[in-house]
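Some notes on the structure that comes next.
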Amino acid sequence: MELWGGMLRALLSGSGRRGGALGWAFSSWRPHLPQAGLLSATELVNQWTAIFEKRGIPEARESSEYIVAHVLGAKTFQSMSPALRTQPLTPWQLQCIQELSSHRLQRMPVQYILGEWDFQGLSLKMAPPVFIPRPETEELVDWVLEEVTQKPHVVEAQGGPLVLDVGCGSGAISLSLLSRLPQSRVLAVDKGEAAISLTRENAQRLQLQDRIRIVPLDVTLEGSWTHLLPWGPVDLVVSNPPYIFRQDMEQLAPEIQSYEDPAALDGGEKGMDIIIHVLALASRLLKDPGSLFLEVDPRHPELIGNWLQSRPDLSLDLVAVRRDFCGRPRFLHVRRSGPQAGCPVAAWPGPQPARLPG
1 MELWGGMLRA LLSGSGRRGG ALGWAFSSWR PHLPQAGLLS ATELVNQWTA
51 IFEKRGIPEA RESSEYIVAH VLGAKTFQSM SPALRTQPLT PWQLQCIQEL
101 SSHRLQRMPV QYILGEWDFQ GLSLKMAPPV FIPRPETEEL VDWVLEEVTQ
151 KPHVVEAQGG PLVLDVGCGS GAISLSLLSR LPQSRVLAVD KGEAAISLTR
201 ENAQRLQLQD RIRIVPLDVT LEGSWTHLLP WGPVDLVVSN PPYIFRQDME
251 QLAPEIQSYE DPAALDGGEK GMDIIIHVLA LASRLLKDPG SLFLEVDPRH
301 PELIGNWLQS RPDLSLDLVA VRRDFCGRPR FLHVRRSGPQ AGCPVAAWPG
351 PQPARLPG
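Set out below in structure tokens:
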């Protein structure tokens, strides 16, 4: 996770745009590398680190280490045995490393290059353009787990909470909660076909498909919440919605601008466009009491607090703000307290295994 953490800290430092240098073809420049049988993994990491640094690739050493380790069947370079690090590589291994490294030279994120990434101890498949889960979001999941397990009043569900994950992406939040809360169930929604497909694949990969319902849904459409009524009121809503201010979109790093879906990032003029819809959805579907946990921009806690005060009809109160590992106010706990808006009694369709869309 160190790699993406460093890239995220540089989120607003890049000035790259689509096209231009990002379209540079690796075939136009091939570095001279020793032949197979003469190069070890350690030496190859050093070679590619120098190449990445020369080309201005962020996190040059971490990138080369992840790629080399992946080809040699390890999670990280540090986890490889000394013997594996020093033994000569085969022609096939050299070719694979060169092909994967060529994608990194074109600023493709390592998560997409490897096709997988760890989140909360789970190995999840990753594929463009689905949003890559960040380390901050692991902190959001930690907070939800802390509140559920240590403060029973947050969830008064019998047999485990029913969780609504709005904007599920790769399924990182949903599947992490399912794996850590054995009696829980999750309703995961997203408007992107690629995200729905990837969440479904990751759920099946982790054998959690029987406890999750995956619903294609655009929460910005009027009345979209009614499509979730058959599942009844939920105990928790969790969301990492698009929250980047529109003016900041052009400043994102090339890895983000060129590969990730902008709809998963762009939150409108003040980053609040989707957040407002998530709050409205929570007011309709949360039990009383029920909790909403959000990841937001550090400028949002005050904006959201003021907005909720202007909408007493939603019966939602901002009760806590938590800072991320960089000390920025990043996570919100919003609690529902008021009459429920006519949502029927919770009913989890089944007992048969979940039928996943598609």
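The sequence shown begins at 1 in full-length UniProt numbering and counts up one residue at a time. Beta carbons: idealized from backbone N, C-alpha and C, even for Gly.
- Compare the Cα-Cα distances from residue 299 to each of 321, 176 and 129 and report the closest residue. Closest option to residue 299, Cα to Cα, is 321.
- Going by other Cβ atoms of all chains shown within 10 Å of its Cβ, with 16 needed for buried, is residue 313 buried or exposed? It counts as exposed.
- Task: Determine the direct distance from the alpha carbon of residue 258 to that of residue 22, and round the result to whole angstroms.
- Result: Note that residue 22 scores a pLDDT of 32, beneath 50, so its modelled location is shaky and nothing firm can be said.
- Inter-residue spacing [alpha-carbon to alpha-carbon] between residue 51 and residue 273: When rounded, the distance between both Cα atoms is 41 Å.
- Item | Minimum length 4: unbroken alpha helix (DSSP H) runs contained in the segment 255-299 | Here the runs fully enclosed are 273-285.
- Message: Just to confirm my understanding: we take residue 136, look at its own chain, exclude 5 residues before and 5 after, and list those with CB closer than 7 Å. What are they?
- Response: Contacts found: 295, 324 and 330.
- Query: Do residue 308 and residue 318 have their CB atoms nearer than 8 Å?
  - Reply: Yes. Within cutoff.
- Is the segment 184-194 touching the segment 217-234 in the sense that three or more CB pairs, one from each, lie closer than 8 Å? Contact between the segment 217-234 and the segment 184-194 is present, with at least three C-beta pairs closer than 8 Å.
- From the DSSP output, which residues share a beta bridge with residue 248? In DSSP, residue 248 forms no bridge with anything.
- Message: Considering only their Cβ atoms, is the gap separating residue 114 from residue 176 smaller than 8 Å?
- Response: Going by C-beta atoms, residue 176 is not nearer than 8 Å to residue 114.
- Query: So, is residue 143 buried or exposed, given that buried needs 16 or more other C-beta atoms within 10 angstroms?
  - Reply: Buried, because 16 or more other Cβ atoms sit within 10 Å of the Cβ of residue 143.
- With burial defined as no fewer than 16 other Cβ atoms inside 10 Å of the residue's Cβ, what is the status of residue 366: buried or exposed? The structure shown does not extend to residue 366, since the chain is modelled only from 1 to 358, so the question has no answer here.
- Determine whether the Cβ of residue 238 lies closer than 8 Å to any Cβ atom of chain D. Judged by its chain identifiers, the structure shown contains no chain D, having just a single protein chain.
- Starting from residue 162, trace the beta strand (DSSP E) both ways and give me its first and last residue. That run of the beta strand (DSSP E) goes 162-166.
- Item | Given 8 Å, three or more beta-carbon pairs between the segment 200-210 and the segment 246-263 | By the C-beta criterion, the segment 200-210 is judged not to be in contact with the segment 246-263, since fewer than 3 inter-stretch pairs fall below 8 Å.
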